[in-house]
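These protein sequence lines map, in sequence, to chains U and H.
Take the first sequence: its letters are residues 1013 to 1347, numbered as in this note's numbering.
Take the second sequence: its letters are residues -6 to 235, numbered as in this note's numbering.
C-beta atoms are modelled at their ideal positions from N, C-alpha and C, and glycine is treated no differently.
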Amino acid sequence: MAHLSILQAGPNTTLQDLGRAGFLKYGLSRGGAMDRLSLLEAAALLGAGLDMAAIETPTGLRASVGVAQRVALTGAPMRAEIDGRAIGWNATHLLMPGEVLTVRPSGQGVYGYIAFGGGFDVPRQMGSVAAHLGARLGRALEAGDVLDLGEDRDLAAPPLVLRPESRFSGGAVRMVTGPQTGHYSAETFARFTETRFAKSGQANRQAALLEYAGESFDAQNALGVVSDVIVPGDIQMSGAGEPYVLMAECQTIGGYPRIGAIIPQDLPIVAQASQGTELWFQVISLDEADAVHLPQRAILRKTRDICEPMVRSPHDIANLLSYQLISGAVTGDEE
Amino acid sequence: MSKMPDIAPLGTEGYLVRFADKLDDAANRGVISFAAALEAADLPGVREVTTALASVFVRFDVEAVSRAGLVAALGELLDSRDWLHPAEAERPRLWRVPTLYGGAAGPQLKEAADLAGVSEEVAVRELSQTRVRVLALGFAPGQPYLGMLPAHWDIGRLTGLTPQVPAGALVVAVRQFVLFANPSPTGWRQVGLTKIPLFNVNAAEPFALQAGDELLFDPVSENDFALLETDNMGGAKLEEAG
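Below, the structure is given as structure tokens:
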């Protein structure tokens, strides 16, 4: 049976997919990967679909497989090795039984993603395998865990690489105004958009606190705000006027005012900003947001198109004979 | 504040239909009726409908419907009925939830009763005989905000937090109950304890409650409460007719 043995897992290492949609009315947020683009990149590299799951880790892991599998590494660039031999990030590699895959954070970005060619064959709960620790669904992975994998039917596929747009060093994050933006004076709102924030260490899968120098961003009659629906990306001000960006596992309703919402495409920038990374907001209109919107299926297709065969000199390839050298010209985007 | 109800974008993938800018029982009933009608209408592009205390959120697929089209459809449904004054009474589901009041199960019952200006005995009678409605589910999965209690139960929150109340704790403030799904810190006063499982991922229906359900927290003795341990619904029973 194909399986993955977790030899060591850092804190908050979990299995994630695109989450559980459709349970907002019961108070359950969608959850799923913090950086959904990384998940789609891993799916593109492996020729998998939107339902693929990956291990999400901010802290690294060591693992081995029972049967050969392709492994894709995406998200925050981490230091990866197979049996002590350094391997590239944003790429697929062949992992043979008994070899140990090691992944360690490099300090750039936050969440790394590790996916396998055969996919995870673990029971879904309410349609998803994603751990939602805030809802007490699933749990963090730990040493000794064994997860079933499907058979990798495309073992002979040549290794692929991606050169993704960097989203691991913060910068401008696009936002739209919302129903509660009016609680802020024009002066406060302008100051908000001119402020340089730094991601604080107080950040997890629920929310990320942003730090800044200067006066707090106080809402007008904030105490009168009735608890209302929250969406991931919302920028909520605490009672002390401190901004929290609400992330994948946010609560579904809340009573603090929201100054606006980050567009979904830019939420990975916040998720992947490590502590101290500078972030600032750029307000765009809904029309502008719609113009840059891409459905996940289209993102996956587009990402498959930019996967390239890995170019390496033969003497770097220790297990040369395991690669198919003649008929392996598959780019992964044939339909 | 603009005229209510209004329709406003929330994020890039949803619209919020606001019925009031404060918690109001009639508005909340309107919210729940409108959400039910919206789900039944199955409008093109609508992917999900959810409610908060005074608003309905509609998540839509930007590819499947235009913004103008969706807003027009929402507006048409809004105008089709007077949501705040329903022509016929809805018939909500009624849950009867065995509840242990006071003592270790409700350590702040006396304090809460004092603030409401009644004796503990009267407090238990009022709290257990008021049919409260699920105003919204949130904070934790399956966890209800329940109201409205009689006006003299408009008591404030604690100035500090109780570090932890257990799952099933019934707490009170501002004419509402919250029934905790998980152990949690709270600024509300704990008056009782229940055993109703609010979220069970392995159950056929993972969530016991839905917005609009009515509940009665029937007082039970400590002995009877202990016996509920073996019941997988914690003794909670559903009566269909309202």
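#1: Excluding five sequence neighbours on each side, which residues of the same chain lie with their C-beta closer than 7 Å to the C-beta of residue 1273(U)?
#2: Name the residues in the segment 1267 to 1288 of chain U whose C-beta lies less than 8 Å from a C-beta of chain H; which are they?
#3: Let me know the secondary structure DSSP gives residue 121(H) once reduced to three states.
#4: Is any beta-carbon of chain H found at less than 8 Å from that of residue 1033(U)?
#5: Quick one: using the 10 Å Cβ neighbour count with 16 as the cut-off for buried, is residue 1299(U) buried or exposed?
#6: Report buried or exposed for residue 1294(U), applying the criterion of at least 16 other Cβ atoms within 10 angstroms of its Cβ.
#7: What are the boundary residues of the beta strand (DSSP E) that residue 1081(U) is part of?
#8: Can you grab the Cα-Cα spacing for the pair residue 1091(U) / residue 1116(U), in whole Å?
#9: Put residue 154(H) into one of helix, strand or coil per three-state DSSP.
#10: Per DSSP, residue 136(H) is paired with what?
#11: Can you round the beta-carbon distance between residue 218(H) and residue 120(H) to whole angstroms, since I take them to be within the 8 Å contact cut?
#12: Taking all protein chains shown into account, do 16 or more other C-beta atoms lie within 10 angstroms of the C-beta of residue 1149(U), making it buried, or fewer, making it exposed?
#13: When the Cα atoms are used, what is the spatial distance from residue 99(H) to residue 22(H)?
#14: Residue ranges of each alpha helix (DSSP H) run of no fewer than 4 residues wholly in the segment 1146 to 1183 of chain U, ordered along the chain?
#15: I need the straight-line Cα distance from residue 1101(U) to residue 72(H), nearest angstrom please.
#16: For residue 177(H), does the count of other Cβ atoms within 10 angstroms reach 16, so buried, or fall short, so exposed?
#17: Kindly indicate which three-state DSSP category residue 76(H) falls into: helix, strand or coil?
#18: For residue 1075(U), which residues in the same chain have their Cβ closer than 7 Å to its Cβ, ignoring the five residues on either side in sequence?
#19: Examine the Cβ distances between the segment 1025 to 1041 of chain U and the segment 194 to 213 of chain H and report whether three or more of them are shorter than 8 Å.
#20: Between residue 49(H) and residue 111(H), which are expected to be in contact by the criterion C-beta below 8 Å, what is the C-beta distance as a whole number of angstroms?
#21: Taking Cβ to Cβ, would you say residue 1176(U) is nearer than 8 Å to residue 1104(U)?
#22: Of all the options 1310(U), 1320(U) and 1302(U), which has the alpha carbon lying nearest to the alpha carbon of residue 53(H)?
#23: Run through DSSP, which three-state label would residue 41(H) get?
#24: Kindly indicate which residue of 1066(U), 1169(U), 1093(U) and 1051(U) has the alpha-carbon position closest to the one of residue 1320(U).
#25: Taking the alpha carbon of residue 156(H) as the point to measure from, which residue in 38(H), 168(H) and 181(H) has its own alpha carbon closest?
#26: Check residue 1114(U) in the structure and name its three-state DSSP category.
#27: Which class does residue 1058(U) belong to by DSSP, given the choice of helix, strand or coil?
#28: Less than 8 Å between CB atoms is the rule here; does residue 1029(U) satisfy it with respect to chain H?
#29: On the DSSP bridge list, what partners appear for residue 94(H)?
#30: Taking 8 Å as the threshold (C-beta atoms), are residue 1064(U) and residue 1127(U) in contact?
#31: Rounded to whole angstroms, what is the Cα-Cα separation between residue 1310(U) and residue 29(H)?
#32: Mind listing the chain H neighbours of residue 1301(U)? Cutoff is C-beta to C-beta under 7 Å, in chain order.
#33: Taking the alpha carbon of residue 1179(U) as the point to measure from, which residue in 1050(U), 1209(U) and 1312(U) has its own alpha carbon closest?
#34: CB residue 1174(U) to CB residue 1093(U), shorter than 8 Å?
#35: In chain order, what residues of the same chain lie with their CB nearer than 7 Å to the CB of residue 1130(U), ignoring the 5 residues before and after it?
#36: Report the rounded CA-to-CA distance for residue 978(U) versus residue 1249(U), giving the unit in angstroms.
According to the structure data:
#1: On the first sequence, position 261 is the one that residue 1273(U) refers to. Within the same chain, residue 1273(U) has close Cβ partners 1187, 1188, 1190, 1243, 1245, 1246 and 1247.
#2: 1273, 1275 and 1276
#3: Walking along the second sequence from the start, residue 121(H) turns up at place 128. Reduced to three states, the DSSP call for residue 121(H) is helix.
#4: The count along the first sequence starts at 1 and reaches residue 1033(U) at position 21. Chain H, which has a Cβ nearer than 8 Å to the Cβ of residue 1033(U), makes this yes.
#5: Numbered from its first residue, the first sequence carries residue 1299(U) at position 287. With fewer than 16 Cβ atoms within 10 Å of its Cβ, residue 1299(U) is classed as exposed.
#6: Mapped onto the first sequence, residue 1294(U) falls at position 282. Residue 1294(U) counts as exposed, since fewer than 16 other beta carbons sit within 10 angstroms of its beta carbon.
#7: Position 69 of the first sequence holds residue 1081(U). Where residue 1081(U) is concerned, the enclosing beta strand (DSSP E) stretches over 1081 to 1087.
#8: Taking the first sequence and counting its residues from 1, the one referred to as residue 1091(U) is at position 79. Taking the first sequence and counting its residues from 1, the one referred to as residue 1116(U) is at position 104. Computed Cα separation, rounded: 5 Å.
#9: Within the second sequence, numbered from 1, the residue matching residue 154(H) stands at position 161. Three-state result, residue 154(H): coil.
#10: Here residue 136(H) corresponds to residue number 143 of the second sequence, with the count starting at 1. None, per the DSSP bridge assignment.
#11: Here residue 218(H) corresponds to residue number 225 of the second sequence, with the count starting at 1. Here residue 120(H) corresponds to residue number 127 of the second sequence, with the count starting at 1. The pair is not a contact, with the Cβ atoms about 16 Å apart (cut-off 8 Å).
#12: Here the question's residue 1149(U) lines up with position 137 in the first sequence. Buried: at least 16 other Cβ atoms inside 10 Å.
#13: The residue labelled residue 99(H) in the question sits at position 106 within the second sequence. The residue labelled residue 22(H) in the question sits at position 29 within the second sequence. Those two C-alpha atoms are separated by around 30 Å.
#14: none
#15: Walking along the first sequence from the start, residue 1101(U) turns up at place 89. Walking along the second sequence from the start, residue 72(H) turns up at place 79. So the two alpha carbons sit approximately 55 Å from each other.
#16: As a working note, residue 177(H) is residue 184 in the second sequence. Buried, since its Cβ has 16 or more Cβ neighbours within 10 Å.
#17: Counted from its first residue, the second sequence places residue 76(H) at position 83. Correct three-state label for residue 76(H): coil.
#18: Position 63 of the first sequence holds residue 1075(U). Counting only Cβ-Cβ distances below 7 Å, and skipping sequence neighbours, we find 1016, 1017, 1018, 1019 and 1113.
#19: Between the segment 1025 to 1041 of chain U and the segment 194 to 213 of chain H there are three or more C-beta pairs closer than 8 Å, enough to call the two in contact.
#20: Within the second sequence, numbered from 1, the residue matching residue 49(H) stands at position 56. Within the second sequence, numbered from 1, the residue matching residue 111(H) stands at position 118. That belief does not hold up - the Cβ atoms of residue 49(H) and residue 111(H) are roughly 36 Å apart, past 8 Å.
#21: Walking along the first sequence from the start, residue 1176(U) turns up at place 164. Walking along the first sequence from the start, residue 1104(U) turns up at place 92. Going by C-beta atoms, residue 1176(U) is not nearer than 8 Å to residue 1104(U).
#22: Taking the second sequence and counting its residues from 1, the one referred to as residue 53(H) is at position 60. Taking only the C-alpha atoms, the option nearest residue 53(H) is 1302(U).
#23: Walking along the second sequence from the start, residue 41(H) turns up at place 48. Strand.
#24: For the purposes of this step, residue 1320(U) is identified with residue 308 of the first sequence, where counting begins at 1. For residue 1320(U), the nearest C-alpha among the options comes from 1169(U).
#25: The count along the second sequence starts at 1 and reaches residue 156(H) at position 163. Measuring from the Cα of residue 156(H), the nearest candidate turns out to be 181(H).
#26: Residue mapping note: residue 1114(U) aligns to position 102 of the first sequence, counting from 1. Looking at residue 1114(U) - three-state DSSP - the assignment turns out to be strand.
#27: One-based indexing of the first sequence puts residue 1058(U) at position 46. Helix.
#28: Here residue 1029(U) refers to the residue found at position 17 when the first sequence is read from its first residue. With 8 Å as the cut-off, residue 1029(U) does not count as an interface residue toward chain H.
#29: The residue labelled residue 94(H) in the question sits at position 101 within the second sequence. Partner(s): 185(H).
#30: Residue mapping note: residue 1127(U) aligns to position 115 of the first sequence, counting from 1. Residue mapping note: residue 1064(U) aligns to position 52 of the first sequence, counting from 1. For residue 1127(U) and residue 1064(U), yes; Cβs fall inside 8 Å.
#31: Taking the first residue of the first sequence as position 1, residue 1310(U) is located at position 298. Taking the first residue of the second sequence as position 1, residue 29(H) is located at position 36. For residue 1310(U) and residue 29(H), the distance between alpha carbons rounds to 32 Å.
#32: For the purposes of this step, residue 1301(U) is taken as the residue at position 289 of the first sequence. What residue 1301(U) touches in chain H: 5.
#33: Taking the first residue of the first sequence as 1, we reach residue 1179(U) at position 167. Checking every option, the nearest Cα to that of residue 1179(U) belongs to 1050(U).
#34: As a working note, residue 1174(U) is residue 162 in the first sequence. As a working note, residue 1093(U) is residue 81 in the first sequence. No. Outside cutoff.
#35: What you label residue 1130(U) is simply residue 118 of the first sequence in a count that begins at 1. The beta carbon of residue 1130(U) lies closer than 7 Å to those of 1014, 1081, 1161, 1162, 1163 and 1164 in the same chain, with the five residues before and after it left out.
#36: This structure cannot speak to residue 978(U), because chain U is shown only from 1013 to 1347.
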